[in-house]
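Asks: Sharing a structure, written as structure tokens. Questions coming.
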Amino acid sequence: MAAITATSQQSRFHMETLETACQDVDLRGVQLAVGDRELLADAHLRLSSGVRYGLVGRNGIGKSTLLKAAGWGLIIGFPKSLRCLYVDQLEGADLQQSAVEVVVAADTAAQRAQREAAALEAALEEGDGADIARTMRRLEVDRLRDELEEARQIAERRSGERGLAARQVLVAAEARLAAAQEGLDAPVAAEELHGALGAAQDLLGDLFERLAIREPEEAAAQARTILTGLGFTQQQQEAPLGQLSGGWRIRVSLAQALFLQPDLLLLDEPTNHLDLPGIIWLQRYLQKLEHTTLVLVSHDRAFLNAVAQEIIVFKTQQLTYYTGNYDEYRQQVEERQLHQQRLADGIERKRDHMEKSIQEGMKQARKAGDDKKLGMVASRKKKLENRMGMEKNAAGHRLKINKDLVGYFDTARQQADVEKEEAVPPWKTPEPDPLRHKGPVVQLEAVSCGYRRSRPVLTGVTLCVEQGERVGLAGPNGEGKSTLVKTLVAQLPALAGTVQAHSSAKVAYFQQTQVEEMCADHSATAISYLQQRFPTAREQELRNQLGSFGCKGGAATQPLHTLSGGQAVRVALAGVFFSRPHFLILDEPSNHLDLEGVECLAAALQQFTGAVLLVSHDQWLMQQAAQRVFLVAGGELTLLEGGVAEYVQQLNGSKKKKQQAAAGSASKGASMSAAAVAGKAASMKRLLGKR
1 MAAITATSQQ SRFHMETLET ACQDVDLRGV QLAVGDRELL ADAHLRLSSG VRYGLVGRNG
61 IGKSTLLKAA GWGLIIGFPK SLRCLYVDQL EGADLQQSAV EVVVAADTAA QRAQREAAAL
121 EAALEEGDGA DIARTMRRLE VDRLRDELEE ARQIAERRSG ERGLAARQVL VAAEARLAAA
181 QEGLDAPVAA EELHGALGAA QDLLGDLFER LAIREPEEAA AQARTILTGL GFTQQQQEAP
241 LGQLSGGWRI RVSLAQALFL QPDLLLLDEP TNHLDLPGII WLQRYLQKLE HTTLVLVSHD
301 RAFLNAVAQE IIVFKTQQLT YYTGNYDEYR QQVEERQLHQ QRLADGIERK RDHMEKSIQE
361 GMKQARKAGD DKKLGMVASR KKKLENRMGM EKNAAGHRLK INKDLVGYFD TARQQADVEK
421 EEAVPPWKTP EPDPLRHKGP VVQLEAVSCG YRRSRPVLTG VTLCVEQGER VGLAGPNGEG
481 KSTLVKTLVA QLPALAGTVQ AHSSAKVAYF QQTQVEEMCA DHSATAISYL QQRFPTAREQ
541 ELRNQLGSFG CKGGAATQPL HTLSGGQAVR VALAGVFFSR PHFLILDEPS NHLDLEGVEC
601 LAAALQQFTG AVLLVSHDQW LMQQAAQRVF LVAGGELTLL EGGVAEYVQQ LNGSKKKKQQ
661 AAAGSASKGA SMSAAAVAGK AASMKRLLGK R
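Quick note: the sequence shown uses full-length UniProt numbering, first residue 1, plus one each step.
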């Protein structure tokens, strides 16, 4: 990956040089680039403390890069006192640790404090001055080792002059660590021996104060609460991290971020790999954050509406801010465009009227040879050229040239420029060939699905999908949605009952793993991938299909593994629709798409004349695309009469029971924590009494 370069306008008062209690970010003149590609130019980055922001923009515009630059401390001028966290920073976890242990271990400062406190307690119990001095040396080496690792990460991420300075800091950190390691086994001098006891007791007192903020038992209880909310069972919480799939490991990273509670939390598509219960829990959790500023990138419109208080639009190398959630932002844009269009139409009508009046006056003045009238006409013509436009400023007050038109302008009036959104071409959904025989594309009667006859995942499934019908499947992960789909497409045989498919219907199946499988061949491009799937199709035909899905120009010949996740999904969907299926099965197709892509997908499914089976946790997509929604849970398939909204209501209804159970667990944890604090206090009093 090319180096990220990020700067901002600086002065001797810029925030990087100030240590203040303010947690706001206000940086002007922000420049952001990846290699030679400029993403932001003279932009304004403004984040108010405690506000939840939604960052929106097209795939590949630079949203993730901006989050990384902020989270990794790459933006010059970014407040150093602000504790920032980008979820991808949580790396290098021990695969032998349980999910709970990995989440708790994310608080490295607390983990180090526990280790140091345990080492000091053991040394002070022995009371040997030399042993206490050597313990202090070992703790110093451990701290220098952590500083070295932090310096190494910073040096790897920075380039140019800042990269050179970071590498110099790294060399100095290496030298300090080497010197400390050499002195580990040196004899303890009398001066060091004399001060070791007092220094150890002071350090232990500081450590106990830090640990009292969140006791280990309390930390573990909080980690379990977060993991449970994200869908982890008790067994999964205790299982080694190495036994969890990639999707569950991503959830562990998200749990670490929520556990740490930084000043600025940066989340990039946190709902990917979450089921709807997990999404609902996460949005409630984020809504309750009080002292954390949140910047969120998400393609889930309902989730974004529920969480975001302000919207940041990343467009044309600038950042624009709107108050309200995503739907409110869209409404503001539409209202502003409508207002500007009305102003422009009014000015145009006034201009047309004045032009006709001028032409008529000119005609009469020339006919009569009236120089006075000719002068009046010339004056009106000058007014038309110079003073025709808006008579009020943006605040609705009378326009003042010296105040409102600062700089060079062609006329003495502002013009009503109508901002028009760039038109997004619709995705091409070729019509499937007509079927000779009527009847459903697939019909299930009393079907049992699963991998073992003795333990079916689903039983008694009855489902009929008619031609042209759009059906949605909702439900928690692990309840059998994918198992049912595999049974429908004959990848899994039914354990009981009958599955009857239309004899002539062509089926297309988009799987969750399709993008990963497609990108596994590093030599494959978007065009070569489609040519391999459709060898008889003309290249221009395939390029047109890719272009309608937003994969234009060089992207069509770019290696698939170098495309963004959203671009790769578009390529896969372009192939799925190009096959002209009569029955289209989509399993989580919206992952990695941006909001615009999800809207295009919904429109494409609405226009598609074949049958659709959609598996998704995206509420908005389900509401737009599915005519009937079924819930897969508890080993059964149940029709939701109220659609996905009914499922959300069910999840909200179970909130009280979970809160009551969590309250009981928290009460128990609080009792244990109080006992632990009392024990620590007694131990500290005894150890410090030796002074």
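Each residue gets a CB set at the ideal place from its N, CA and C atoms; glycine is no exception.
Could you pull out every unbroken beta strand (DSSP E) segment of at least 3 residues lying fully inside the region 591 to 666, listed in chain order?
Replies: 611 to 615, 628 to 633 and 636 to 640, all fully within the region 591 to 666.
Asks: Taking the straight line between their C-alpha atoms, what separation do you get for serine 8 and leucine 164?
Replies: Here the question's residue 8 lines up with position 8 in the sequence shown. Here the question's residue 164 lines up with position 164 in the sequence shown. Between serine 8 and leucine 164, the C-alpha separation is close to 19 Å.
Asks: Are the region 42 to 62 and the region 591 to 604 in contact at 8 Å, needing three or more beta carbon pairs?
Replies: As far as the Cβ criterion goes, the region 42 to 62 touches the region 591 to 604, which means the pair count is three or higher.
Asks: By the 10 Å Cβ neighbour count, where 16 or more other Cβ atoms means buried, how is threonine 108 classified, buried or exposed?
Replies: For the purposes of this step, residue 108 is identified with residue 108 of the sequence shown, where counting begins at 1. The residue is exposed, with fewer than 16 neighbouring Cβ atoms inside 10 Å.
Asks: Take the Cβ of tyrosine 451 as the centre, count every other Cβ of all protein chains shown within 10 Å, and call the residue buried at 16 or more, exposed below.
Replies: As a first step, residue 451 must be located in the sequence shown, where it is residue number 451. Exposed, because fewer than 16 other Cβ atoms sit within 10 Å of the Cβ of tyrosine 451.
Asks: With H, G and I counted as helix, E and B as strand and the rest as coil, what does DSSP make of aspartate 202?
Replies: As a working note, residue 202 is residue 202 in the sequence shown. Aspartate 202: helix per DSSP, three-state reduction.
Asks: Given this structure, state the Cα-to-Cα distance separating alanine 106 from glycine 478, to the nearest angstrom.
Replies: Taking the first residue of the sequence shown as position 1, residue 106 is located at position 106. Taking the first residue of the sequence shown as position 1, residue 478 is located at position 478. Spanning the two alpha carbons is a distance of roughly 27 Å.
Asks: Among Ala189, Pro187, Ala151 and Gly198, which one has its Cα closest to the Cα of alanine 175?
Replies: One-based indexing of the sequence shown puts residue 175 at position 175. Checked all of Ala189, Pro187, Ala151 and Gly198; the closest Cα to alanine 175 is Ala151.
Asks: I need the straight-line Cα distance from residue 700 to glutamine 443, nearest angstrom please.
Replies: The structure shown does not extend to residue 700, since the chain is modelled only from 1 to 691, so the question has no answer here.
Asks: The beta strand (DSSP E) with phenylalanine 583 in it runs from where to where?
Replies: If you number the sequence shown from 1, residue 583 lands on position 583. Per DSSP, phenylalanine 583 belongs to the beta strand (DSSP E) from 583 to 587.
Asks: Ordered along the chain, which non-local residues of its own chain (more than five positions away) have a Cβ less than 8 Å from that of glycine 468?
Replies: For the purposes of this step, residue 468 is taken as the residue at position 468 of the sequence shown. Taken in chain order, the residues that qualify are Thr609, Gly610 and Ala611.
Asks: Whole angstroms are fine: how far does the CA of arginine 470 sit from the CA of histidine 437?
Replies: Numbered from its first residue, the sequence shown carries residue 437 at position 437. Numbered from its first residue, the sequence shown carries residue 470 at position 470. C-alpha separation (whole angstroms): 19 Å.
Asks: So what does proline 559 bridge to, in DSSP terms?
Replies: Counting from one through the sequence shown, the residue named residue 559 turns up at place 559. Paired residues: Thr525.
Asks: In three-state DSSP terms, what is valine 377?
Replies: Reading the sequence shown from its first residue, position 377 is the one you call residue 377. Valine 377: helix per DSSP, three-state reduction.
Asks: If contact is defined by three or more beta carbon pairs under 8 Å, each pair taking one atom from either stretch, is the region 317 to 326 in contact with the region 38 to 48?
Replies: Contact holds: three or more Cβ-Cβ distances are below 8 Å.
Asks: I'd like to check one pair, serine 590 with aspartate 618: are the Cβ atoms closer than 9 Å?
Replies: Start at 1 with the first residue of the sequence shown, and residue 618 comes out as number 618. Start at 1 with the first residue of the sequence shown, and residue 590 comes out as number 590. Going by C-beta atoms, aspartate 618 is nearer than 9 Å to serine 590.
Asks: Output the distance between the C-alpha atoms of glutamate 539 and glutamine 532, rounded to the nearest integer angstrom.
Replies: By 1-based counting over the sequence shown, the position of residue 539 is 539. By 1-based counting over the sequence shown, the position of residue 532 is 532. The alpha-carbon atoms of glutamate 539 and glutamine 532 are separated by roughly 11 Å.
Asks: Specify, as a first and last residue, the run of the alpha helix (DSSP H) that glutamate 310 falls within.
Replies: Within the sequence shown, numbered from 1, the residue matching residue 310 stands at position 310. Not the alpha helix (DSSP H): glutamate 310 falls in the beta strand (DSSP E), residues 310 to 315.
Asks: What residues match up with aspartate 26 in a beta bridge as DSSP calls it?
Replies: On the sequence shown, position 26 is the one that residue 26 refers to. According to DSSP, aspartate 26 bridges with Arg46.
Asks: I'd like the list of long-range same chain contacts for glycine 575, defined as Cβ closer than 6 Å, with 5 residues on each side in sequence excluded.
Replies: The sequence position of residue 575 within the sequence shown is 575, counting from 1. Around glycine 575: Leu530 and Arg533.
Asks: How about valine 461 and serine 448: do their beta carbons lie closer than 9 Å?
Replies: To locate residue 461, count along the sequence shown from 1; it is residue 461. To locate residue 448, count along the sequence shown from 1; it is residue 448. Yes. Within cutoff.
Asks: Restricting to runs no shorter than 3 residues, where is the beta strand (DSSP E) found entirely within the region 251 to 301?
Replies: DSSP runs (the beta strand (DSSP E)) wholly in the region 251 to 301: 264 to 268 and 293 to 297.
Asks: Tell me which same chain residues have a C-beta within less than 7 Å of the C-beta of aspartate 275, skipping the five on either side of it?
Replies: Along the sequence shown, one-based indexing puts residue 275 at 275. Excluding positions up to five away in sequence, the list reads Gly231, Pro476, Asn477 and His617.
Asks: I believe valine 507 touches isoleucine 585 by the beta-carbon criterion, under 8 Å. Please report the beta-carbon distance rounded to the nearest angstrom.
Replies: Mapped onto the sequence shown, residue 507 falls at position 507. Mapped onto the sequence shown, residue 585 falls at position 585. Correct: roughly 7 Å between the Cβ atoms.
Asks: Output the distance between the C-alpha atoms of alanine 113 and glycine 183, rounded to the nearest integer angstrom.
Replies: For this step, residue 113 is matched to residue 113 along the sequence shown. For this step, residue 183 is matched to residue 183 along the sequence shown. Alanine 113 and glycine 183: Cα-Cα distance of roughly 23 Å.
Asks: In whole angstroms, give me the CA-to-CA distance for serine 523 and alanine 604.
Replies: Here residue 523 refers to the residue found at position 523 when the sequence shown is read from its first residue. Here residue 604 refers to the residue found at position 604 when the sequence shown is read from its first residue. Rounded to the nearest angstrom, the two C-alpha atoms are 30 Å apart.
Asks: Which first and last residues belong to the alpha helix (DSSP H) in which serine 365 is found?
Replies: Along the sequence shown, one-based indexing puts residue 365 at 365. For the record, residue 365 in the displayed sequence is alanine; it is not serine. From DSSP, the alpha helix (DSSP H) with alanine 365 extends over 326 to 368.
Asks: With a 10 Å radius around its C-beta and 16 neighbouring C-beta atoms as the bar for buried, classify leucine 90 as buried or exposed.
Replies: Numbered from its first residue, the sequence shown carries residue 90 at position 90. In this prediction, leucine 90 scores a pLDDT of 46, lower than 50, which makes its location untrustworthy; the coordinate-derived value is nonetheless stated afterwards. Counting Cβ neighbours within 10 Å, leucine 90 comes out buried, since at least 16 surround it.
Asks: Can you tell me whether glutamine 153 is helix, strand or coil according to DSSP?
Replies: Residue mapping note: residue 153 aligns to position 153 of the sequence shown, counting from 1. If DSSP states are grouped into helix, strand and coil, glutamine 153 belongs with the helices.
Asks: Taking glutamine 97 as part of the beta strand (DSSP E), name the residues at either end of that continuous run.
Replies: As a first step, residue 97 is located in the sequence shown; it is residue number 97 there, counting from the start. Note, glutamine 97: premise wrong, no beta strand (DSSP E); not H, not E.
Asks: I need the straight-line Cα distance from serine 48 to glutamine 261, nearest angstrom please.
Replies: Within the sequence shown, the letter at position 48 stands for residue 48. Within the sequence shown, the letter at position 261 stands for residue 261. Serine 48 and glutamine 261: Cα-Cα distance of roughly 17 Å.
Asks: Starting from serine 448, follow the beta strand (DSSP E) in both directions and report where the run begins and ends.
Replies: Sequence index remark: in the sequence shown, residue 448 carries index 448 (1-based). Run containing serine 448: 442 to 449, per the beta strand (DSSP E) assignment.
Asks: What's the C-alpha gap between alanine 663 and valine 103?
Replies: In the sequence shown, residue 663 corresponds to position 663, counting from 1. In the sequence shown, residue 103 corresponds to position 103, counting from 1. Legend: pLDDT at alanine 663 = 47, less than 50; position of this residue unreliable, value from coordinates given subsequently. If you take the alpha carbons of alanine 663 and valine 103, they lie about 21 Å apart.
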